Every structure is written in C-alpha cells, then in structure tokens.
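> Dumping the structure here so I can ask a few things about it.
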Amino acid sequence: MNKVGSRADGSANQNPSAADSWRQRGSDDRPLTMHTADDPAIAAPTLLTSARALIARDLRLLWRRRGDALLPALFALMVVMLFALALGGRRAVLAGHAVALLWVAVLLAGLLSLDSLFRGDAEDGSLELWLLAPVPLAWLVAVRTLTHWAATVLPLVLATPLLGELLHLPRAQLGVLVASLLLGTPLLSLLGAVVAALTVGMPRSGILVALLALPLYVPVLVFGAGSAAAFAQGLDPAGALLLLGAGLALALVLAPLAAAAAIRIALN
Amino acid sequence: MSTSTTPGPLLSVQGLRFARNERPVFGPLDFTVDAGQALLVRGDNGAGKTSLLQVLAGLLQPDAGHIAIGGRWTDNHARSRHIAYLGHLSALKADLTALENLRFACGLHGRRAQRSLQAALETTSLTDYDDAPVRTLSAGQKKRLSLARVWLSPAPLWLLDEPYANLDLDGIGLVNQLISTHLVDGGAALITTHGAYAAASVRMRELLL
Chain A
13 MNKVGSRADG SANQNPSAAD SWRQRGSDDR PLTMHTADDP AIAAPTLLTS ARALIARDLR
73 LLWRRRGDAL LPALFALMVV MLFALALGGR RAVLAGHAVA LLWVAVLLAG LLSLDSLFRG
133 DAEDGSLELW LLAPVPLAWL VAVRTLTHWA ATVLPLVLAT PLLGELLHLP RAQLGVLVAS
193 LLLGTPLLSL LGAVVAALTV GMPRSGILVA LLALPLYVPV LVFGAGSAAA FAQGLDPAGA
253 LLLLGAGLAL ALVLAPLAAA AAIRIALN
Chain B
19 MSTSTTPGPL LSVQGLRFAR NERPVFGPLD FTVDAGQALL VRGDNGAGKT SLLQVLAGLL
79 QPDAGHIAIG GRWTDNHARS RHIAYLGHLS ALKADLTALE NLRFACGLHG RRAQRSLQAA
139 LETTSLTDYD DAPVRTLSAG QKKRLSLARV WLSPAPLWLL DEPYANLDLD GIGLVNQLIS
199 THLVDGGAAL ITTHGAYAAA SVRMRELLL
C-alpha cells in the first residue's frame, strides 16, 4: 500500500509536504535536454514497416514450428475422412454432402488454432509491445489475423480440390466452393479474432473460445455453403457470395477495432 | 537524437490514482521528472510499483489524474510513442534468435538513429549469442536482451520494472551504465526496485510507495 500523497516533485512551484518521500542522489548538474520520438533523425515505424516486421516475425515462427503449422490441415483431412467413413463411402451420398462437409472441416480447423491467435503474445509480454507501439493496435491486430489466416486456413482452401476429390465433389461446383471459402474464411478469422481477444486474459479458455465463436460463424457457414449448394441446384450463387463479400469488407474495418478494444480490456 | 531545450518536465503527473477492484493501489501521486533525471520507485511487494509503471505506460487505466509528456497532457496512444517499457515479462519470442527479436522490436517501435542491432548486442555483451534462439539463453541473458531492446528504442522516457532482477554484478553495472548514458543523452527513466542496486553515479531521486 502506498503512502497516500507521496511526491517526487522537486520543482520550486510546488509546495513540498511532510509526505514528500523523494530525495536527491548524485550531484552532477548536467544541462537538461530532451530528445523526442518526433526527431526526424529517428527511424520511426510506419504502418507498412510495422506490418512487415510482424509478418516477417510470424512467418519465421511458423517456419521454426512448421510441424505445428501442419496440424490444422491434418485435422481437416481427418474430419473429411471420418465423415466419408460415417456416410458409408457411397459416391452419390458423399457428392451430395461434399460442399457442407468441406465447409465444416475448414471451419473447425480454423477454430482449432483460434485460441493461439494472441495467447502466445500475451503470455510472453509481446502484446505489451503491441500496445506501446506508435502504430494503431487495430492495425497490428488486422495484420496478425490475416497472417494467421494465410498461414493456417489458406493452405486448406488451396487444398480444397484435393479434399473435394476424396468426397467426389462435382467439379462444376469447385469454383463456387473455393470462391465462397476465399470470401468466408477470412471473415471467420476476423470474427474469431474478436473472440480470441476477449478471452486472451483467461487461462485455459480453448472451449470458451469455441463456444463463443461458433454462433458467430453460423451466418458465414449458411451463406458460404449455401452459395455452392444453390449453384448445384442451378440457382445463381452471386447473392450469397456478395453478402459474404460485404460481410468481409465490414469485418475488415470493424473486427480489428473491436479486437483491439477487447485486448485492452482483457489486459487491463 | 536532438538536444532541444525542454519546454517543461519530460514527465508530469498530477493527482494520479489507481485502484484495483475498488481497493486503492497507489495515489494520489504528484511528481515531475525532467529530462536527464531518473526516478527510483521503491516499495514493498504489492505496493503498486509495477501498477504505477503500467499506468504511466498506458497499459492500465488510472482512476483519476493526468499525465503529461513534455508539458502536453496526453492520452495513452499519444504517450506510448515517447515510452520504452521493460516489464516483468521479457516480450521475447523463444523460437526466434536474439537478433530476430531485436529486429521485430525495431520494426514495431522504431530505432534510435546511429544505433544498430549489432551495437545493441555488443553493448549488452550478447554478441556471441546473436544467432542463438532465445530459449537457449539464461534468465540474465534474456534480461540483457530486453535491455538491448530498450536501448534501441527512440523513446526518451524509459520505464524499467525491476531491471536488476536476474542480473549478476556485471549486469547490474550494465543497467546503471545504460541509464546514465540515457540521462546524459537527454532522456529520463523511472525504475522500480525493491533492492538497492542503483549506482551513486546515476542521478536519481526516490519515490517511496
């Protein structure tokens, strides 16, 4: 407990009180000068340089732990195989459910790595560096989230044709499916970032993250899988894809702001 | 680093108060720290030393009071660019090398002109460990690396939370030398400690919490 009213002010225009508890040490009176971060001679970070530093760091970490990076892809493969086995492996049945199965597999694989989005940085104190950086925290959150998406979910989206073959996905549906995943999965990551940020201060919150994120994922899953399903029925998938695109544009602006605010609250 | 005359104290604090769960932690505090000065914040465990530094850094929200940098009242974001913070956590990535960790910190916070990453490692006696993953370093070496990050920062105000922890006598001397140089260069520092490590050569006042 502090002594209330403790002061460390030696300036002449303030009255020292009995509670004053500082004392001067050292006797060399150097001329007092000030340097500031506004100094043009200083290599100040910009949005671009800070993003480059964060992306380079994340890619290096990904490379050093490349075994871990494969886990979401292996998980998605296992989910697809389990569904294929559970449905009896019949070609017509698998082809009819392929779009929904692939969407769920990619969604669950993304969810698996969601808890680690900010947790490592919170545990080693790196998040404090983010908060004290002269660039907006929301910008760093956006860069981190999109790098995480590119490292964990994008490879899955690119592997969709292969997984589609396993499920006998009609090739005509592949284009719409990949387009819906390319629009929908970054949206999932951005929504998930808000949840991950909210729970970053809580220990062992993996299940909680999933429980909070899954309801938010429902509309994305409905429109994402729905677009390819509509195309399979001969309907125009453009409406669902446009809605996904609009959601992504909105989330790109709002989700990093919300996640940044959540991080500040979680760490306060 | 510029050497323009200070328009006011580098750091001014007025009526700063912080409570956790409605339990007062410190304050109200009023003090100023001029460029070229260091303030040693002392107190027992739980006295609020770390909380004070976190409030000044903007990591915690004060319950009351104002903080000014260079005579201008600031919010958390405006203040952060003038502050280099050394916390209890190392803010280092165990899987990255010492050099890679410094490179990331400089990308995020900028780097003081004419100070290189290699020079930072030399200053903190970590030259031989530039390519070593941080997880292979000792606690003292990690602390030196965190100090190297602060040394590279362009921010004039250093907030150092227990900078002497985990350091041997050489390391303690290094901290005092870095602080002295920073003060001569026109910076200022707030240091928390529950020990008595600061060298007499460091111009330092004390605030007892």
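Top to bottom, those sequences are chains A and B.
280 is the number that the working numbering gives the last residue of the first sequence; the numbers go up by one with no jumps.
227 is the number that the working numbering gives the last residue of the second sequence; the numbers go up by one with no jumps.
From the three backbone atoms N, C-alpha and C, an ideal C-beta is built for every residue, glycine too.
Keep in mind that this is a model prediction, so the values were computed, not measured.
(1) For the putative contact between A:Val-206 and A:Ala-271, defined by C-beta atoms under 8 Å, what is the C-beta separation to the nearest angstrom?
(2) With DSSP run on the structure shown, which of helix, strand or coil describes B:Lys-134?
(3) Inspect the beta-carbon positions of B:Leu-47 and B:Leu-57 and report whether they are closer than 8 Å.
(4) Under 8 Å between C-beta atoms, does B:His-127 make it to chain A?
(5) To the nearest whole angstrom, what separates the beta carbons of B:Val-51 and B:Leu-71, a pair I think is in contact under 8 Å?
(6) According to DSSP, B:Val-31 sits in a beta bridge with which residue or residues?
(7) Between the stretch 66-87 of chain A and chain B, which residues of the former have a C-beta closer than 8 Å to a C-beta of the latter?
(8) Beta-carbon within less than 7 Å of A:Asp-127's beta-carbon, same chain only, minus the 5 sequence neighbours each way: which residues are those?
(9) Could you name the residues that DSSP lists as bridge partners for A:Thr-61?
(10) Per DSSP, what kind of secondary structure is B:Tyr-182 in: helix, strand or coil?
(11) Could you spell out where the beta strand (DSSP E) holding B:Tyr-103 opens and where it closes?
(12) Look up B:Phe-36 in the DSSP assignment and give the residues it is bridged to.
(13) Count the other CB atoms, across all protein chains shown, that sit within 10 Å of the CB of A:His-160; report buried if there are 16 or more and exposed otherwise.
(14) Who does B:Thr-154 pair with in a DSSP beta bridge?
(15) Distance, Cα to Cα, B:Thr-68 vs B:Ser-156?
(16) Taking a contact to mean a Cβ-Cβ separation below 8 Å, would you say A:Ala-112 touches A:Ala-88 in this structure?
(17) Pick out the complete beta strand (DSSP E) segments inside the stretch 145-231 of chain A, 3 residues or longer, and give them in chain order.
(18) Quick one: what's B:Arg-90 bridged to in DSSP?
(19) Skipping 5 residues on each side, what residues in its chain have a beta carbon closer than 7 Å to that of A:Leu-202?
(20) Please identify, using Cβ separations under 9 Å, the residues of the stretch 137-168 of chain A that lie next to chain B, in order along the chain.
(21) Output, in sequence order along the chain, the residues in the stretch 92-104 of chain B whose CB is closer than 7 Å to any CB in chain A.
(22) On the premise that B:Leu-117 lies in contact with B:Asp-146, defined as a C-beta separation below 8 Å, what is that separation, rounded to the nearest angstrom?
(23) For A:Pro-249, tell me which candidate among A:Pro-198, A:Pro-57, A:Val-188, A:Asp-136 has the shortest Cα-Cα distance.
(24) Under a three-way DSSP split, which group does B:Leu-177 fall into?
(25) Under 7 Å between beta-carbons, which chain A residues line up against B:Glu-40? List them in chain order, please.
(26) Within a Cβ cutoff of 8 Å, which residues of the same chain sit near A:Ala-53, ignoring the five residues on either side of it in sequence?
(27) Kindly identify the DSSP beta-bridge partner or partners of B:Ile-209.
(28) Report the option in B:Val-59, B:Ala-82, B:Leu-104 whose CA atom is closest to the CA atom of B:Glu-249.
(29) With burial defined as no fewer than 16 other Cβ atoms inside 10 Å of the residue's Cβ, what is the status of B:Ser-134: buried or exposed?
(30) Closer than 8 Å, CB to CB, is A:Pro-282 near chain B or not?
(31) Quick test of the definition: if touching needs 3 or more C-beta pairs under 8 Å, does the stretch 185-202 of chain B touch the stretch 73-90 of chain B?
(32) Which residues does DSSP pair with B:Thr-115 in a beta bridge?
(33) Is A:Ser-239 close to chain B, meaning its C-beta is less than 8 Å from at least one C-beta of that chain?
(34) Give the DSSP-derived three-state secondary structure of B:Arg-121 in the structure shown.
(35) Using 8 Å as the cut-off, can you tell me whether the stretch 203-213 of chain B makes contact with the stretch 168-176 of chain B, which would need three or more C-beta pairs spanning the two stretches below that distance?
(36) Under 9 Å between beta-carbons, which chain A residues line up against B:Leu-114? List them in chain order, please.
In brief:
(1) Yes, A:Val-206 and A:Ala-271 are in contact; Cβ-Cβ is about 5 Å, under 8 Å.
(2) At residue 134 of chain B the sequence reads Ser, which differs from the Lys that was named. DSSP places B:Ser-134 outside both helix and strand once states are collapsed to three, so it counts as coil.
(3) Going by C-beta atoms, B:Leu-47 is not nearer than 8 Å to B:Leu-57.
(4) Chain A, which has a Cβ nearer than 8 Å to the Cβ of B:His-127, makes this yes.
(5) Actually they do not touch by this definition, with Cβ atoms about 12 Å apart.
(6) DSSP output for B:Val-31 lists B:Phe-49, B:Ile-85 as bridge partner(s).
(7) Of all residues in the stretch 66-87 of chain A, those with a C-beta nearer than 8 Å to a C-beta of chain B are Leu-66, Ala-68, Arg-69, Arg-72, Leu-73, Arg-76, Arg-77, reading in chain order.
(8) Spatial neighbours of A:Asp-127 in its own chain (CB-CB distance under 7 Å, excluding positions within 5 residues in sequence) are listed in chain order as Ala-208, Ser-217, Gly-218, Val-221.
(9) Here A:Thr-61 is not bridged, per DSSP, to any residue.
(10) Secondary structure at B:Tyr-182: coil, using DSSP grouped into helix, strand and coil.
(11) Segment 101-104, the beta strand (DSSP E) holding B:Tyr-103.
(12) DSSP lists B:Phe-44 as the bridge partner or partners of B:Phe-36.
(13) A buried status is given to A:His-160, since no fewer than 16 other beta-carbon atoms sit within 10 Å of its beta-carbon.
(14) Beta-bridge partners assigned by DSSP to B:Thr-154: none are found.
(15) Cα atoms of B:Thr-68 and B:Ser-156: separation of roughly 23 Å, rounded to the nearest angstrom.
(16) Taking 8 Å as the Cβ cut-off, A:Ala-112 and A:Ala-88 do not qualify as a contacting pair.
(17) Qualifying beta strand (DSSP E) stretches: none in this window.
(18) Answer by DSSP bridge pairing, in chain order: B:Ile-87.
(19) Excluding sequence neighbours, A:Leu-202 sits near Thr-157, Ala-263, Leu-264, Ala-267.
(20) Here the close residues are Gly-137, Ser-138, Leu-139, Glu-140, Leu-141, Trp-142, Leu-143, Leu-144, Ala-145, Pro-146, Val-147, Pro-148, Leu-149, Leu-152.
(21) Answer in chain order: Ser-98, Arg-99, His-100, Ile-101, Tyr-103.
(22) Contact doesn't hold; Cβ gap of about 12 Å is too wide.
(23) Nearest C-alpha to A:Pro-249: A:Val-188.
(24) Here B:Leu-177 sits in strand by DSSP.
(25) Chain A residues near B:Glu-40: none, gap ~14 Å exceeds 7 Å.
(26) With a pLDDT of 42 at A:Ala-53, under the threshold of 50, the modelled position of this residue cannot be trusted, and the question is left open.
(27) Partner(s): B:Leu-58, B:Leu-178.
(28) Outside the displayed span of chain B (19 to 227) sits residue 249 of chain B, for which this structure offers no information.
(29) Per the 10 Å Cβ criterion, exposed.
(30) Outside the displayed span of chain A (13 to 280) sits residue 282 of chain A, for which this structure offers no information.
(31) The stretch 185-202 of chain B makes no contact with the stretch 73-90 of chain B; the number of CB pairs closer than 8 Å stays below 3.
(32) B:Pro-151.
(33) No, A:Ser-239 does not count as interfacial toward chain B.
(34) In the structure shown, B:Arg-121 sits in a helix (DSSP, three-state: H, G or I).
(35) Proximity of the stretch 203-213 of chain B to the stretch 168-176 of chain B meets the contact definition, three or more beta-carbon pairs being nearer than 8 Å.
(36) What B:Leu-114 touches in chain A, judged by beta-carbon distance under 9 Å, is Arg-69, Arg-72, Leu-73, Arg-76, going in chain order.
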